[in-house]
Amino acid sequence: MKREYADKINSLLQCFHFNKEFLEWNHDYSHQLLRHGVSHLYHFAMLQGENDETTLEELRNIIISITNGDIPKPYDLSSMDAEQPEAASKTVMFFKPLAVTVEVTPEMLQQLKQSPRCQRR
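Residue numbers (this note's numbering): 3 to 123.
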């Protein structure tokens, strides 16, 4: 697995555990968000022309594992830094996006309304 993807997987796992523990979202919803996040990461890798078959296969296996109800362990990024040579990075930028969509469930909307920052004065 390339480090850039392992780092993003770790971020998704961190969000998964944060959502469950601190926002008290139910496990199924947090699990579904994790699966969607990894799936989007896989498709993004494909669209940007990722040709490392090992990385793509590992991403597919993670999606299958999450779909089967398992939660993967975070990657040890320090050991990956020692194993992989420094590669030129790619940056994707979106200039003036036309639209942004965000899916919000009724539960999320209710939590946002009840948060201290959203209280009307």
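Note that beta-carbon positions come from the ideal geometry of N, C-alpha and C, so glycine has one too.
With distance defined between alpha-carbon atoms, name the residue in the options nearest to residue i.
i             : options                      : result
tyrosine 7    : Ser32, Tyr44, His29          : Tyr44
isoleucine 73 : Ser81, Asn63, Leu79, Met82   : Asn63
arginine 5    : Glu55, Ser80, Ile68, Gln116  : Ser80
methionine 3  : Leu61, Val106, Pro108, Gly71 : Leu61
asparagine 70 : His42, Leu36, Lys10, Ile11   : Leu36
aspartate 9   : Glu109, Gln50, Met82         : Met82
asparagine 12 : Lys75, Glu109, Gln116        : Lys75
Counting along the chain, where does the alpha helix (DSSP H) carrying residue i start and finish?
i            : result
lysine 115   : 108-116
glutamate 60 : 55-69
With a cut-off of 8 Å on the beta carbons, I'd call residue i and residue j a contact; round off their distance for me.
i             : j             : result
isoleucine 66 : valine 40     : About 10 Å; that fails the 8 Å criterion.
leucine 25    : glutamine 112 : Contact doesn't hold; Cβ gap of about 12 Å is too wide.
Q.
If contact is defined by three or more beta carbon pairs under 8 Å, each pair taking one atom from either stretch, is the region 10-21 in contact with the region 29-48?
A. Inter-segment contact for the region 29-48 and the region 10-21 is present: three or more beta-carbon pairs are separated by less than 8 Å.
Q | In chain order, each alpha helix (DSSP H) run of at least 4 residues that lies wholly inside the region 4-34 | A | Those alpha helix (DSSP H) runs which fall completely within the region 4-34 and span 4+ residues are 5-23.
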